[in-house]
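In this note's numbering, the protein residues as written are 506 to 1066.
Following: one structure in structure tokens, then a few remarks.
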Amino acid sequence: MNPLATLLIEHFNLPPDAWAQAIAIKEEKGGQPLRILMKQHNLDEIDLLETLGQLVQMEVVRTLSPEIQTDFTASIAIAFLKKNSMVPVASQDDVYIAINDPFNFQALDDLRTLLGWSGVRPVLCPLAAITTAINFAYDMTQDSAEEVMQDIDSEDPEALFSEIEETGDLLDDTSDAPVIRLVNLMFSQAVRDNASDIHIEPYQNSLKIRQRLDGILYDMLSPPKHVQSALISRIKIMANLNIAEKRLPQDGRIELKVGNKDVDIRVSTLPTSFGERVVLRLLDKSSVLITLTELGMPDDRFIPFTEQIKAANGIVLVTGPTGSGKTTTLYAALTSINNTDINIITVEDPVEYRISGIGQVQVNPKINLTFASGLRSIVRQDPDVILIGEIRDTETAEIAIQSALTGHLVFSTLHTNDAASAITRLIDMGIEPFLLSSSINAILAQRLVRIICPHCKEAYTPDPEALLKLGITSDEASPRQAYRGNGCAKCHHTGYKGRCGIFELLLMNREMKHLILTTANSNDIKELAIKNGMITLRQDGATKVFQGITTIEEVYRVSKE
């Protein structure tokens, strides 16, 4: 019997016939017997590797450093390494071959021969760590944009129409067609950089590709103008759009796998004077939903906000411009209250994250499924909590308020500059003030500010004029220091890495309800809220400046009044 099979039977109580079944599955469908057995019998991979390591006297390494040399990518096919679950690791400190199956002798010897690494020791490593290292190495060594664009002129037009596998890994695509390689490079680079959007912008004599990182657009590539038509056609084919229609806007969707990430891409095309402009919104489906505690909300707002999202009825609004994280906050709120005791239904455009245990409805105007029509149907589904993606019109606002007044808890978003302006906006829509005062529980306004890169962060004494922009006098600032990022390779020389929120929370009390009944002036509402203890966006931003989280410029940029 195979030594691995014997080990599994003796140490992990594997049924004697399981190995034969795994071999049969391998011959029929492919795969590795060890992976098949782990999946079928729920064997713990780390425990198994530790036991195997003792048996074959082999070291077990749980993680692999991303700082590995990638020279091997020129001579070793990515498919060979993925099929055999192994990767050569050469760093400044050590050289070894990480493997997942110690009994795959033939593939190990072949890899040693191809690399000229005779005698280099193998170590056992979890499959996920090996896969990540392989993807990282090949992603880092993808064709440079310049090399791809040099080949563009010899493009075969037919190659544009090659099928793209929905489940295939983009990094495995070995197509020789330069435009296809350019599109693959564009997507893989954007995913690696954690970009949220890609913009393809045609101008009279040029074509520009930009990506949005942490809310700011940066230049990515500048292909020659004659590539424009082929590049956009390739993206349209991937999104199942009509490549012949260039006069009307189109919307589509692409599902890709880049390395170990599943990426959902929303595609929007718009005809302009110099050709079609394309915007691609990237959503990493493998990313984990953020929790309420991870939003970075200070306790003086976190505790009352948590109380409001657990209320029996009423409306909780989150306001801010596009891209300020409103939906993320509402998803975090839903996740925190989601349990078997309550029925939660959402109506969204689009459904960005799938949440287990929650009914999610996708808006589809083509079949007259709007926020308002969807909301009417949802109310008849006996919900306890309703999430409306956005209040866009009077009809949706009226149904939301009626739902809140009839015993439902309603979450929604609104595009306004601050919390007080949400009241004014709803009154402008035609909602009666007495309905607002009796239905709204809380309004949270938020913005996203970029976080200073920890690798190039430095302290400095801020300019008094810059502090005054945030409403801080020099006396209040002294002797505290502000911080900024110098720019380094880790943050793409921007000085920032990641984002966090700044928040202002307007809570309803008797005095506030009375004021809403008598005025729609947002300045009066804001003054009363501040008098009642509301921390404004600027004040929260100033606090984060002196905590060394963000910069004065960032807070001023996102909270212009």
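C-beta: ideal position from N, C-alpha, C; glycine also.
By the 10 Å Cβ neighbour count, where 16 or more other Cβ atoms means buried, how is residue i classified, buried or exposed?
i: G830; result: buried
i: T1023; result: exposed
i: I1008; result: Per the sequence shown, residue 1008 should be read as Phe rather than Ile. That one is buried.
i: N605; result: buried
i: S590; result: buried
i: A927; result: buried
i: I808; result: exposed
i: Q562; result: exposed
i: K762; result: buried
i: A775; result: Reading off the sequence shown, one finds Leu at residue 775, where the question assumed Ala. The residue in question, L775, is exposed, as its Cβ has fewer than 16 Cβ neighbours within 10 Å.
i: G764; result: buried
i: F610; result: exposed
i: D598; result: exposed
i: G535; result: exposed
i: E671; result: Residue placement at E671 cannot be trusted, given a pLDDT of 45 that sits under 50; what the coordinates show is reported in the next sentence. That one is exposed.
Taking the straight line between their C-alpha atoms, what separation do you get for residue i and residue j?
i: T875; j: F577; result: 53 Å
i: R782; j: D767; result: 25 Å
i: T1048; j: S570; result: 36 Å
i: P855; j: N869; result: 9 Å
i: P750; j: D756; result: In the sequence as displayed, the identity of residue 750 is Glu instead of Pro. In a straight line, the C-alpha of E750 is about 12 Å away from that of D756.
i: E1016; j: N1037; result: 9 Å
i: H913; j: L949; result: 19 Å
i: G1046; j: N922; result: 15 Å
i: T918; j: K1002; result: 27 Å
i: T845; j: Q545; result: 29 Å
i: G864; j: D769; result: 20 Å
i: Q709; j: F692; result: 25 Å
i: I945; j: Q951; result: 17 Å
i: Q1069; j: L941; result: For the chain, the structure presents residues 506 to 1066; residue 1069 sits outside this window and is missing.
i: E857; j: M1013; result: 30 Å
i: I541; j: I528; result: 9 Å
i: T899; j: I842; result: 28 Å
i: L1010; j: I714; result: 38 Å
i: I703; j: P607; result: 42 Å
i: V772; j: E515; result: 54 Å
i: Y965; j: A971; result: 13 Å
i: C961; j: H998; result: 9 Å
i: R1062; j: A925; result: 20 Å
i: S778; j: L746; result: 20 Å
i: I740; j: E533; result: 35 Å
i: K730; j: N689; result: 19 Å
i: L687; j: L785; result: 15 Å
i: I551; j: V823; result: 43 Å
Quick one: what's got a C-beta closer than 7 Å to residue i's C-beta in the same chain, skipping five residues either side?
i: V625; result: V600, Y601, I602, R617
i: L1020; result: D1029, I1030, L1033
i: V884; result: S908
i: A582; result: none
i: F666; result: Unreliable placement is indicated for F666, whose pLDDT of 46 sits below 50; the coordinate value is still reported in the next sentence. Closer than 7 Å at the Cβ level, and outside the excluded window around F666, lie I742.
i: I847; result: D889, V890
i: V852; result: V866, V868, F876, G879, L880, I883, I893, G894
i: P826; result: H920
i: R897; result: F876
i: G558; result: E564, V565, L629
i: G780; result: P707, Q733
i: S711; result: S727, K730
i: A700; result: Q716, R717, L718, L787
Tell me which same chain residues have a C-beta within less than 6 Å of the C-beta of residue i, skipping the five on either side of it?
i: Q1052; result: none
i: L519; result: L513
i: T929; result: A1025, S1027
i: I906; result: L940, S944
i: E1059; result: V954, R955
i: L722; result: R715
i: W524; result: A510
For residue i, collect the residues of the same chain with a Cβ closer than 8 Å to its Cβ; drop the 5 residues on either side in sequence, then sort them by chain order.
i: E660; result: Any reading at E660 must be qualified, since the residue scores a pLDDT of 48, below 50, and its modelled position is unreliable; the value itself is stated next. Cβ neighbours of E660 beyond the five flanking positions: A682, P683, V684, A735.
i: A638; result: L569, P571, I573, V592, V594, A603
i: Q886; result: N848, I850, G864
i: I936; result: T899, A902, E903, I906
- [ ] Would you be able to state if there are at least three C-beta pairs under 8 Å between the region 994-1002 and the region 1025-1036?
- [x] No, because fewer than three Cβ pairs between the region 1025-1036 and the region 994-1002 fall closer than 8 Å, the two stretches do not touch.
Open item on the list: Closer than 8 Å is the cut-off here; do at least three beta carbon pairs connect the region 870-886 with the region 832-841?
Closed with: By the Cβ test, the region 870-886 is not in contact with the region 832-841, since fewer than three Cβ pairs between them sit closer than 8 Å.
Open item on the list: For a minimum of 4 consecutive residues, which ranges assigned as the alpha helix (DSSP H) are wholly contained in the region 727-784?
Closed with: 733-743
Open item on the list: List, from N- to C-terminal side, the alpha helix (DSSP H) runs of 4 residues or more that fit wholly inside the region 555-599.
Closed with: 583-589
- [ ] Mind listing, in chain order, the continuous alpha helix (DSSP H) runs of no fewer than 4 residues lying wholly within the region 928-970?
- [x] 938-944
Task: Runs of beta strand (DSSP E) lying entirely within the region 978-1061, each at least 3 residues, in chain order - done: 987-990, 1001-1012
Task: In chain order, each beta strand (DSSP E) run of at least 3 residues that lies wholly inside the region 599-648 - done: 600-604, 627-629
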